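A.B. asks: Dropping a structure here in structure tokens format, bear with me for questions.
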Amino acid sequence: ALVARARALSWAVVTTGAADDEDGPGDGRAAAGPPDSPELRAALDALLREAERLLEQRTAAHDATGDDPGPLPATGPAPGSATAEKYLTVLHCRVFAAYHALLASAPEIPAPVRERFEASRATLHTEAGRLGVAHQRGAARVFAGDVAARLGEHAVAEPELRAALEEIDGSGRPWRGTRVRALLAQVLLALGKPGEAASLLHRALAEAVRYEDALFPMAPTYLLLGHAGTHTGDLAGAVRHFSEAATRFDRAGEPDDAADARLQLADLLVRTGRQADAVAVLESVVGDESAAGLDRRLLAQARLTLGRGLRELGEHLPAAEEFLRLADTVASWEDAGATLTLVAAEAATALALAGRWEAARAAYARAFAAHAEAPDPPMLLETACEFARLTMAARGAEGTEEALRHLADADTLRTAVPEDDEDFVHWFAAGSVHYRRARVLAEAERFAEALPEAEQAVAAFDSGGADGEERRAEAVRIAALVEGRGLGRTQAAVTRLTEAAARCERARLHEAAQILTAVRDDLAAGDTLRRPVQPTNNVGPTDR
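467 is the number of the first residue of the sequence shown in the working numbering; add one for each residue after it.
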């Protein structure tokens, strides 16, 4: 009865924060208030005193045989006896309550709360060792490792959990180690040890089945295995594990967790080049009957990722439909904020890619209106530059002025951002706008205007240091083509390319150097025909 009361009291902390007090105070069932309330502490302390008193009245022989108790041995109950285990269970419940009080106050844990947890845990550890109950000694270490892991102190958690497993494995109760292995695996993943983590997770799953642990968190464990696989290079295994996690979350009636697992699966499929499979997974999330009941932000993320996936597959109109549907949904949120700005911008680009220009321009205006309320300069700048590119692709020279207006929008965006804004990379923004304007002007055969823009792009990317080196090389390529083919200054263009190629070699950008050298050789060979500067090979990732 004492153990049952201790367990009920400690679990009340987790389930309700307070137990039913109809039996009155002082009987071990009257928890009051939050996890660290004085009433709760007093009730648990009273149970501990009662447990200690009972130890003085019983002997290990009575527990083992049922005979009348004899004199109490001076050293207390025999190691591993039933009396010892009951006493330690009460201590365990006391630690359990202190543990939840600590978690409830994290991350700013008051000193008294931490001290009570550490003291009660140390008592359990010491007493379990004295009484020869290995699994309780291991439990004391599990508490320490668990708290350290939750507070991000993974280097502290690892040795505690390893020691706990040694204690538990030697206790003759191997089933008690299943969850500890899963927790240690999670810590090892955080410490960059995915191989060992994967082995522990596989063993934990096998033990959960072997010991028929119906409460073991199978779905989260498969999810962790998926993450481990992405880090070990077992991508095929990771796909299977993410899929299994999603299926098990479905069975458990956890639609949000199932959807989140499928989002992670889709991300992995994209990274492994299986874009179509990723889209199919995402369509199953947003098209499922339970989609309406999903967390709104989770569903929004699924639609956003689906839209981007469809766009990458060249299905621009379906992508635009997803973005527009999402924009309408997000617009109804009270806290739509920058999310609406981002989604409206994505919709605008998708509509332009689909050739729905009237709708695209309306979405573009909507994105800038949203930006005025919730700014997202990097996203809008990318959208403006992309609109300039797509306008020229759709209309040719006739679209030059419209394209330049979009780039003027981009300039307005970037110059409005303070220089000390750490979330905005000014050199990249300036270089991107100048680069795109140079391309637009070159395609319109306005070469004299295009060259200074290309040179400004070179200077901007140059200010980015090593991060801007590849983009600088691409801007040099455009400048040289404008200068050589557009303005007929072949020798100056050759010199420019020679210097840039050598610089790329020094920076170990060998592919970029090869491209620049090939362009230089073409120009040097006398290929000076004036033609639109729209080469097929870019040096840097400046275009989609």
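Using N, Cα and C, we set each Cβ at its ideal position, and we do this for glycine too. Bear in mind that the values here come from a model prediction, so they are computed numbers and not experimental data.
Comparing alpha-carbon positions, which option in 866, 731, 936 lies nearest residue 746?
C.D. replies: Residue 731 is the option with its Cα nearest to residue 746.
A.B. asks: For residue 798, does the count of other Cβ atoms within 10 angstroms reach 16, so buried, or fall short, so exposed?
C.D. replies: Burial call: exposed.
A.B. asks: Give the DSSP-derived three-state secondary structure of residue 714 in the structure shown.
C.D. replies: Looking at residue 714 - three-state DSSP - the assignment turns out to be helix.
A.B. asks: Considering only heavy atoms of the ligand GTP, does any lie closer than 8 Å to the CB of residue 764?
C.D. replies: Among the components of this structure there are no ligands whatsoever, and the ligand GTP is therefore not found.
A.B. asks: Is the CB-CB distance between residue 649 and residue 615 below 9 Å?
C.D. replies: Result yes, Cβ atoms of residue 649 and residue 615 sit closer than 9 Å.
A.B. asks: Among 958, 600, 515, 763, which has the Cα closest to the Cα of residue 801?
C.D. replies: Comparing Cα positions, the closest option is 763.
A.B. asks: Under 9 Å, do residue 637 and residue 591 count as touching if we go by C-beta distance?
C.D. replies: No, Cβ-Cβ distance for residue 637 and residue 591 is not below 9 Å.
A.B. asks: For residue 563, count the other beta carbons within 10 Å of its own beta carbon; 16 or more makes it buried, fewer makes it exposed. Which is it?
C.D. replies: By the neighbour-count rule (16 or more Cβ atoms within 10 Å), residue 563 is buried.
A.B. asks: Taking 6 Å as the limit between beta carbons, can you name the residues of its chain near residue 486, skipping five residues before and five after?
C.D. replies: No answer about residue 486 holds up, because its pLDDT of 36 lies below 50 and its placement is not dependable.
A.B. asks: Buried or exposed: where does residue 633 fall if 16 or more other Cβ atoms within 10 Å of its Cβ makes it buried?
C.D. replies: Flag for residue 633 reads buried.
A.B. asks: Looking at residue 472 and residue 513, is the spacing between their C-beta atoms short of 9 Å?
C.D. replies: Going by C-beta atoms, residue 513 is nearer than 9 Å to residue 472.
A.B. asks: Determine, using beta-carbon pairs with one atom in the region 888-895 and one in the region 923-934, whether at least three such pairs fall under 8 Å.
C.D. replies: Yes: the two stretches touch, three or more of their Cβ pairs being nearer than 8 Å.
A.B. asks: In the DSSP assignment, find the unbroken alpha helix (DSSP H) run with residue 677 in it and report its ends.
C.D. replies: Where residue 677 is concerned, there is no enclosing alpha helix (DSSP H), given that its DSSP letter is neither H nor E.
A.B. asks: Identify whether residue 659 lies in helix, strand or coil by the three-state DSSP scheme.
C.D. replies: Residue 659 falls in the coil class under three-state DSSP.
A.B. asks: Taking three-plus beta-carbon pairs below 8 Å as touching, is the region 863-873 in contact with the region 815-825?
C.D. replies: The answer is no - the region 815-825 does not touch the region 863-873, with fewer than three Cβ pairs under 8 Å.
A.B. asks: In this structure, does DSSP put residue 759 in helix, strand or coil?
C.D. replies: Here residue 759 sits in helix by DSSP.
A.B. asks: Where are the alpha helix (DSSP H) runs, 4 residues long or more, that stay fully inside the region 831-871, in chain order?
C.D. replies: Fully enclosed alpha helix (DSSP H) runs of 4 or longer: 843-861.
A.B. asks: Report the CB separation of residue 554 from residue 597 in whole angstroms; it is logged as a contact under 8 Å.
C.D. replies: Going by Cβ atoms, the distance from residue 554 to residue 597 rounds to 7 Å, so yes, they are a contact pair.
A.B. asks: Just to confirm, is the Cβ distance from residue 846 to residue 807 under 9 Å?
C.D. replies: A contact, by the Cβ cut-off of 9 Å.
A.B. asks: Whole angstroms are fine: how far does the CA of residue 670 sit from the CA of residue 595?
C.D. replies: If I take the Cα positions, the gap works out to 26 Å.
A.B. asks: Give me the Cα-Cα distance between residue 693 and residue 709, rounded to the nearest whole angstrom.
C.D. replies: If you take the alpha carbons of residue 693 and residue 709, they lie about 12 Å apart.
A.B. asks: Measure the C-alpha to C-alpha separation of residue 476 and residue 515 and round it to an integer number of angstroms.
C.D. replies: In a straight line, the C-alpha of residue 476 is about 16 Å away from that of residue 515.
A.B. asks: What three-state label does DSSP hand residue 572 in the structure shown?
C.D. replies: Of the three classes helix, strand and coil, the one that applies to residue 572 here is coil, per DSSP.
A.B. asks: In the DSSP assignment, find the unbroken alpha helix (DSSP H) run with residue 803 in it and report its ends.
C.D. replies: Where residue 803 is concerned, the enclosing alpha helix (DSSP H) stretches over 803-819.
A.B. asks: Between which two residues does the alpha helix (DSSP H) harbouring residue 885 extend?
C.D. replies: No alpha helix (DSSP H) contains residue 885, which DSSP labels as neither H nor E.
A.B. asks: Alpha carbon to alpha carbon, how far is residue 645 from residue 701? Give it in angstroms, no decimals.
C.D. replies: Near 25 Å, if we compare the C-alpha coordinates of residue 645 and residue 701.
A.B. asks: If we count the other Cβ atoms within 10 Å of its Cβ and call it buried at 16 or more, is residue 660 buried or exposed?
C.D. replies: Buried: at least 16 other Cβ atoms inside 10 Å.
A.B. asks: Determine, using beta-carbon pairs with one atom in the region 878-893 and one in the region 901-914, whether at least three such pairs fall under 8 Å.
C.D. replies: Short answer: they don't touch.
A.B. asks: How long is the line joining the alpha carbons of residue 781 and residue 627, rounded to whole angstroms?
C.D. replies: Approximately 50 Å between the Cα atoms of the pair.
A.B. asks: Using the rule of at least 16 other Cβ atoms within 10 Å of the residue's Cβ for burial, across every protein chain shown, is residue 909 buried or exposed?
C.D. replies: Under this definition residue 909 is a buried residue.
A.B. asks: For residue 915, which residues from the same chain have a beta carbon less than 7 Å from its beta carbon, with the 5 sequence-adjacent residues on both sides left out?
C.D. replies: Once the five neighbours on either side are set aside, the close Cβ partners of residue 915 are 907.
A.B. asks: Do residue 629 and residue 607 come within 9 Å of each other at the CB atom, strictly closer than that value?
C.D. replies: Result yes, Cβ atoms of residue 607 and residue 629 sit closer than 9 Å.
A.B. asks: Based on Cα-Cα distance, which residue from 777, 785, 765, 783 lies nearest to residue 795?
C.D. replies: The option with the nearest alpha carbon to residue 795 is 765.
A.B. asks: My understanding is that residue 517 touches residue 561, with C-beta atoms under 8 Å, so please give their C-beta distance in whole angstroms.
C.D. replies: Not quite, the Cβ-Cβ distance comes to about 14 Å (not below 8 Å), so this is no contact.
A.B. asks: Helix, strand or coil: which one does DSSP assign to residue 477?
C.D. replies: In this structure, residue 477 counts as helix in the three-state DSSP scheme.
A.B. asks: Going along the chain, which residues of its own chain have a beta-carbon closer than 7 Å to the beta-carbon of residue 926, five neighbours each way excluded?
C.D. replies: Same-chain partners within the cutoff: 893, 896, 897, 900.
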